[in-house]
Amino acid sequence: MDIHNSDADVEQFFAFCKEKEVEFVDFRFTDVKGTWNHMGYFIGGVDKDLLQKGIPFDASSIKAWQSIDRSDMILKPDLIRYFIDPFSADITAVVFCDVWDVYKEQDYEKCPRSIAKRALRHLQNLGIADMAYFGAENEFFIFDSIKIKNSANCQYYEIDSEEGEWNRDRSFEGGVNFGHRTGHKGGYLPTPPTDTMMDIRAEIVKVLNQVGLETYVVHHEVAQAQGEIGVRFGELVEAADNVQKLKYVVKMVAHLNGKTATFMPKPLHGDNGSGMHTHVSLWKNGENLFSGDVYKNLSQMALHFLGGVLRHARSLAAFTNASSNSYKRLIPGFEAPSILTYSAQNRSASVRIPYGVKGKAARFEFRFPDNSSNPYLAFAAILMAGLDGLAQKMDPGAPMDINLFQLTLDEIRDKGIKQLPHTLRSALEEMLVHKEYLKKGEVFTEEFIQAYQSFKFRSEVFPWESRPHPFEFKTTYSC
1 MDIHNSDADV EQFFAFCKEK EVEFVDFRFT DVKGTWNHMG YFIGGVDKDL LQKGIPFDAS
61 SIKAWQSIDR SDMILKPDLI RYFIDPFSAD ITAVVFCDVW DVYKEQDYEK CPRSIAKRAL
121 RHLQNLGIAD MAYFGAENEF FIFDSIKIKN SANCQYYEID SEEGEWNRDR SFEGGVNFGH
181 RTGHKGGYLP TPPTDTMMDI RAEIVKVLNQ VGLETYVVHH EVAQAQGEIG VRFGELVEAA
241 DNVQKLKYVV KMVAHLNGKT ATFMPKPLHG DNGSGMHTHV SLWKNGENLF SGDVYKNLSQ
301 MALHFLGGVL RHARSLAAFT NASSNSYKRL IPGFEAPSIL TYSAQNRSAS VRIPYGVKGK
361 AARFEFRFPD NSSNPYLAFA AILMAGLDGL AQKMDPGAPM DINLFQLTLD EIRDKGIKQL
421 PHTLRSALEE MLVHKEYLKK GEVFTEEFIQ AYQSFKFRSE VFPWESRPHP FEFKTTYSC
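Position 142 (the sequence shown) corresponds to 142 in full-length UniProt numbering; numbering is contiguous.
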């Protein structure tokens, strides 16, 4: 195994631990789904060898990874962006990890963080750019409670929030019904008391700053109980690391306040869902390659990159919209970015060029990704699609500077505009047919692609398709 951390990296980490009086080190890695996993060590058991040679673990216990007969893998600590866990009872340093394959003597091809690093290396090896910057806007909900039942005779969930309009006539135990509620689609930027989450969002921001994230805008979003906190962009892997930090902090702050946070794309029927709008630009030698004068201060390179993303968007969705619930969000009527075209300042298109973009700020905002995606895989796949667009000089077509939400499905088809898939099954099938751009530079290997699609079909597509839905009883029970 190669040495991942230099002697200087190790010395700097131990100096950090000494300064912060660290008692435990928590080594964290991301699985295929995007879930953060961890393994803790008492600081006395952490030495130079462990930080440079890695930590053995059982990869057969992680879904979609190894079989039991080839289960040994190594966690490779990456001594960058480590931080003190703000929630642990004892002072604990959190360290990001990649995974090393002991059988092939290489970075593990199913490790999402390693895939993201391979995508960045592929970009650099092509000589096109030396950096890809990504900025994610992760919307979320904070509810008071959720109840779920999944059995043979009952499929059931119930969400509650004091902001919910369903509570307008509720008698609250030991208190009054405060009466100020956003209602469906009425939650964008209200002040308290209608916005009940201002203080908890402020607490989240303070904790995010503690763990090294630079934040800016903080506000209530359109849906009931929905919020957003802006986090500064970073290079591809850094941006994905930041998504993992953000999700952890939001969930934990909510939990410690007696509430429950979710990044689920569409938890509320009839209200807006949560997206992960993703801003992207390519840079070389400190210059933004997307800056130019071809369209709205964007370069021809930028438009070819966009052409690749639009061409491959239906297969990209397997990674950017990675749950069955994703496609509940991508329906007309809820600012759904499902129409595959682009425009300046137009939020009805799936790709937007934000207002005032020029020079160093030149970028695209891809509006279709959501938080059920694994950020490492989603960002890497977007980059690979864009690079294919550059290689083949793909034309994104003309911009659509109209309100696309007013078009009927027939009008969308007549204009020749493609849409995102309507189900996770369709997205996965598109990806399996159109996967070659992902495999360039061995970024996404065939072994990983097959493991990913198998995992998604087994864990989400087949279970969802085989279960009766409550709405089906309304429509079909009396047939």
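Even glycine gets a Cβ: it sits at the ideal position worked out from N, Cα and C.
The residue among L390, L246, F462 with its C-alpha nearest the C-alpha of L126 is L390. Going by DSSP, P77 is part of the beta strand (DSSP E) stretching over 72-84.
By the neighbour-count criterion, in which 16 or more other beta carbons inside 10 Å mark a residue as buried, P265 falls on the buried side.
With fewer than 16 other beta carbons inside 10 angstroms of its own, V176 counts as exposed. Within the model, the alpha-carbon separation for G307 versus I382 is close to 11 Å. Taking all protein chains shown into account, E105 has fewer than 16 neighbouring C-beta atoms within 10 Å of its C-beta and is therefore exposed. Buried is the label assigned to W100, since at least 16 other Cβ atoms lie within 10 Å of its Cβ. Residue ranges of uninterrupted alpha helix (DSSP H) with 4 or more members, entirely inside the segment 213-257 and ordered along the chain, are 236-256. The DSSP-derived three-state label of K259 is coil. Membership of D199 in the alpha helix (DSSP H) is indicated by the continuous run 198-210. Around the beta-carbon of D107, 16 or more other beta-carbon atoms lie within 10 Å, marking it buried. Under DSSP, no beta-bridge partner is assigned to T445. Taking 9 Å as the cut-off, the Cβ atoms of Y327 and T423 count as close. Contact holds between the segment 179-199 and the segment 159-166, because three or more Cβ pairs, one in each stretch, are under 8 Å apart. Looking at the DSSP output, L120 shares a beta bridge with no other residue.
For R121, the closest alpha carbon among the candidates R425, M384, S426, G397 is that of M384.
For Y477, the number of other beta carbons within 10 angstroms of its own is below 16, and it is reported as exposed. With respect to D85, D26 sits close: the two C-beta atoms are nearer than 9 Å.
The alpha-carbon separation between Y156 and E472 amounts to approximately 13 Å. In the DSSP assignment, L424 falls within the alpha helix (DSSP H) that extends over 424-433.
For P56, the pairing in a beta bridge is given by DSSP as I74.
In the three-state DSSP reduction, H279 falls in the strand class (E or B).
S343 sits in a strand when the DSSP states are folded into three classes. For Y327, the enclosing alpha helix (DSSP H) stretches over residues 326-329. In this structure the segment 240-249 does not touch the segment 221-228; the number of beta carbon pairs closer than 8 Å is below three. DSSP places V351 inside the beta strand (DSSP E), whose first and last residues are 351-353.
A buried status is given to V207, since no fewer than 16 other beta-carbon atoms sit within 10 Å of its beta-carbon. The segment 365-376 makes contact with the segment 268-287; the number of CB pairs closer than 8 Å reaches 3 or more.
Burial state of L236 is buried, judged by a 10 Å Cβ sphere holding 16 or more other Cβ atoms. For N37, the three-state secondary structure derived from DSSP is strand. Rounded to whole angstroms, R314 and F305 show a C-alpha spacing of 16 Å. For K284, the secondary structure class from DSSP, reduced to helix, strand or coil, is strand.
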